[in-house]
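Let me begin by presenting the structure, written as structure tokens, before commenting on it.
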């Protein structure tokens, strides 16, 4: 495109300013016009053939060909206006293309996480294979400098990994044998062997790429309005231009006994068409949202579509899950109470009973036990959602869970003065003590709540299945407005539905969670926000916004980005329509010429596009 513009510009300037025979200048004008405008003419003709006549290509084609026809009719030999209009239009298109490209590159930086291959060791040699061909449970080798192609667990070696492409986090993370590692990270230092836990199609990198690719298909209300507006507006202005060309001359001839001045009114009609081109709106509004999505992605916030970006700008209520969202979800055993048997034995029974669970509480019990679990000792595992686990360990019936589990089994149990999560343990139906487990609040959680309130969020709520004392302590520490504790997954849905019923007008409610049990709530809220780094696949699938580094502070940043984007959209709409209608009136009255038309069309588009690009800068 750039070379075509330069060639056409040289030909145009030569024909305009270098003295030469009219035949030569006419040839140069036509050469410039064809060079710069052949694709517009082709698109306009295809639109006519496909019965989709009224678009910006049709308007430009009719206006410029009409201007050439007038020059031929007047025998002036001056085709400068027609060429200039097409040239400046294409310059505007170049600006637009550059802006889209920059925005797309920002989002496509995520695409760099796609691995090209996976290393499989065969007969002592490494072979590169397509990641799609690697089955779950296979062992892959990741060398320094390579991308981790598939999610898995490190079985040998240690290293540091760069997760910035996934999370926006600049600091590398240390990994060692036994650690989970997600695809898309870059191995920086040591050679590691990874046992894959998922096929490539279900891995983190594939899911992120899929979300990025689908984000453009979910249009905002503003984009939908502009699309509908353009479909109605374009034929109206075409018929208005036709009326401007025909009616005034006919009125002059029939009722005023004067000359028709056909040339003057046709010229005005052609100028009217150029001014009326809606490309500033049609291009800049989707671009503003696209740039907003790109700006958010550069901050480690993946928004699945411009409709969710628009909804974020209207968020007034933010509801949080606690564990893994406001807290690290890293639990530590802080005490064992009311235990008639040895503390270590009680911990051993609880860890074995919980050995099949991936819940953070279960993981903390297993870590506190500190030895490898012999799963052959465990059978008949029954996990009761929101209650706990019942299992056979060495032939003994072990029940490990919360108050509700003890009540369910009809086992009396004492309370606990300690603040934390209480895991009660019963052996063969007899109460045998409880284990106190404490969670750690994320360092940025308090600031995240503060920044949300600064961003205009009027209500913050925390929902958790944890005990009331623990929930109240965390809520008080973070400055959360209200808290509801001891909730089952179904209770969380009901609480969110209640809060949805209490909100007013266009205000939106966002829910932030990370676990499988949060998936129904994420789907029910106006906007579901999931923790992407450590969050479950189910939560990420159900969510509309994914925080790639699990940092709750990014929520306020996403809201600010969305509001900036919406502000830019409204600026472009008001500016474009204001200039358009003003110039249309001036053209109809004969107070504006083709130069004003060029500014109103191309100039407005360039200004709107440059304004839209501001959405790429998240902090601007």
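Numbering (our numbering), first residue to last: 968 to 1587. Note that CB positions come from ideal geometry on N, CA and C, so glycine has one too. Every value quoted in this text rests on a predicted model; they were computed, and no experiment measured them.
Residue of 1046, 1512, 1457, 1232 minimising C-alpha distance to residue 1558: Counted from its first residue, the chain shown places residue 1558 at position 591. It is 1232 whose Cα lies nearest to the Cα of residue 1558.
Would a C-beta distance cut-off of 8 Å place residue 1428 and residue 1284 closer than the cut-off? Sequence index remark: in the chain shown, residue 1428 carries index 461 (1-based). Sequence index remark: in the chain shown, residue 1284 carries index 317 (1-based). Yes, the Cβ-Cβ distance between residue 1428 and residue 1284 is below 8 Å.
What's the gap between the Cα of residue 1130 and the Cα of residue 1511? Your numbering for residue 1130 matches position 163 in the chain shown. Your numbering for residue 1511 matches position 544 in the chain shown. The straight-line gap from Cα to Cα measures roughly 22 Å.
Taking all protein chains shown into account, decide if residue 1090 is buried (16 or more other Cβ within 10 angstroms of its Cβ) or exposed. Residue numbering aside, residue 1090 sits at position 123 when the chain shown is read from its first letter. Residue 1090 comes out exposed.
Following the continuous alpha helix (DSSP H) through residue 980, name the residue where it begins and the one where it ends. Here residue 980 refers to the residue found at position 13 of the chain shown. Secondary structure note for residue 980: its alpha helix (DSSP H) is the uninterrupted segment 969 to 984.
Between the beta-carbon of residue 1242 and the beta-carbon of residue 1547, is there less than 8 Å? Numbered from its first residue, the chain shown carries residue 1242 at position 275. Numbered from its first residue, the chain shown carries residue 1547 at position 580. Closer than 8 Å, so yes.
Spatial distance of residue 1083 from residue 1169 (CA atoms): Taking the first residue of the chain shown as position 1, residue 1083 is located at position 116. Taking the first residue of the chain shown as position 1, residue 1169 is located at position 202. Each residue's alpha carbon lies about 16 Å from the other.
Less than 8 Å separating the beta-carbons of residue 1340 and residue 1354? Residue 1340 sits at position 373 when you count from the first residue of the chain shown. Residue 1354 sits at position 387 when you count from the first residue of the chain shown. It is not a contact, given that the beta carbons lie outside the stated cut-off.
Expressed to the nearest angstrom, what Euclidean distance is found between the alpha-carbon atoms of residue 1112 and residue 1156? On the chain shown, position 145 is the one that residue 1112 refers to. On the chain shown, position 189 is the one that residue 1156 refers to. Rounded to whole angstroms, residue 1112 to residue 1156 spans 7 Å at the Cα level.
Grab me the residues of residue 1375's own chain with a C-beta within less than 8 Å of its C-beta, minus the 5 sequence neighbours each way, in chain order. Reading the chain shown from its first residue, position 408 is the one you call residue 1375. 1351, 1354.
In this structure, how does DSSP classify residue 1019 when only helix, strand and coil are distinguished? As a first step, residue 1019 is located in the chain shown; it is residue number 52 there, counting from the start. Here residue 1019 sits in coil by DSSP.
Which residues does DSSP list as the beta-bridge partners of residue 1545? Stepping through the chain shown from its first residue, residue 1545 is reached at position 578. Looking at the DSSP assignment, residue 1545 forms no beta bridge with any residue, so it has no partner.
For residue 1088, which of 1387, 1162, 1240 has the nearest alpha-carbon? Position 121 of the chain shown, counted from the first residue, corresponds to residue 1088. Nearest option by C-alpha distance: 1162.
Neighbourhood of residue 1216 by C-beta distance below 8 Å, restricted to the same chain and skipping five residues each side: What you label residue 1216 is simply residue 249 of the chain shown in a count that begins at 1. The residues are 1227, 1228, 1229, 1232.
Among 979, 1513, 1012, 1571, whose alpha-carbon lies nearest the alpha-carbon of residue 1265? Here the question's residue 1265 lines up with position 298 in the chain shown. When each option's Cα is compared against that of residue 1265, the closest is 1513.
In three-state DSSP terms, what is residue 1223? Numbered from its first residue, the chain shown carries residue 1223 at position 256. Coil.
Residues bridged to residue 1497 (per DSSP): Walking along the chain shown from the start, residue 1497 turns up at place 530. Beta-bridge pairing links residue 1497 to 1480, 1513.
Let me check you understand the geometry: is the CB of residue 1345 closer than 7 Å to at least one non-hydrogen atom of the ligand SAM? The ligand SAM is absent from the structure shown, which contains no ligands of any kind.
From 1102, 1118, 1128, 1257, residue whose alpha carbon lies closest to that of residue 1110: For this step, residue 1110 is matched to residue 143 along the chain shown. Of the listed residues, the one whose Cα sits closest to residue 1110 is 1128.
Would the segment 1459 to 1469 and the segment 1273 to 1281 be scored as touching if the rule is three or more Cβ pairs under 8 Å? no
May I ask you to list the residues that DSSP assigns as paired with residue 1095? Residue mapping note: residue 1095 aligns to position 128 of the chain shown, counting from 1. 1086.
Mapping the DSSP letters down to three states, classify residue 1279 as helix, strand or coil. Within the chain shown, residue 1279 is the residue found at index 312, counting from 1. Note: residue 1279 maps to helix in three-state DSSP.
Considering Cα atoms alone, identify which of 1509, 1461, 1058, 1431 is closest to residue 1449. Residue 1449 sits at position 482 when you count from the first residue of the chain shown. Comparing Cα positions, the closest option is 1431.
For residue 1382, the three-state DSSP class (helix, strand or coil): Counting from one through the chain shown, the residue named residue 1382 turns up at place 415. Three-state result, residue 1382: coil.
Local conformation of residue 1345 per DSSP, three classes: Numbered from 1 along the chain shown, position 378 holds the residue referred to as residue 1345. Strand, per DSSP.
Between residue 987 and residue 980, what straight-line distance do the alpha-carbon atoms span, to the nearest angstrom? To locate residue 987, count along the chain shown from 1; it is residue 20. To locate residue 980, count along the chain shown from 1; it is residue 13. Answer to the nearest angstrom: the Cα atoms are 12 Å apart.
Can you give me the start and stop residues for the beta strand (DSSP E) that residue 1293 sits inside? Taking the first residue of the chain shown as 1, we reach residue 1293 at position 326. No beta strand (DSSP E) holds residue 1293; DSSP gives it neither H nor E.
For a quick check, are the C-beta atoms of residue 1509 and residue 1495 less than 8 Å apart? Numbered from its first residue, the chain shown carries residue 1509 at position 542. Numbered from its first residue, the chain shown carries residue 1495 at position 528. Yes.
Distance between residue 1117 and residue 970 (C-alpha atoms, nearest Å): On the chain shown, residue 970 is found 3 positions in, with the first residue counted as 1. On the chain shown, residue 1117 is found 150 positions in, with the first residue counted as 1. Residue 970 and residue 1117: Cα-Cα distance of roughly 43 Å.
Secondary structure at residue 1287, three-state DSSP: helix, strand or coil? Position 320 of the chain shown, counting from 1, holds the residue named residue 1287. Here residue 1287 sits in strand by DSSP.
Report the CB separation of residue 1479 from residue 1292 in whole angstroms; it is logged as a contact under 8 Å. Here residue 1479 corresponds to residue number 512 of the chain shown, with the count starting at 1. Here residue 1292 corresponds to residue number 325 of the chain shown, with the count starting at 1. Going by Cβ atoms, the distance from residue 1479 to residue 1292 rounds to 5 Å, so yes, they are a contact pair.
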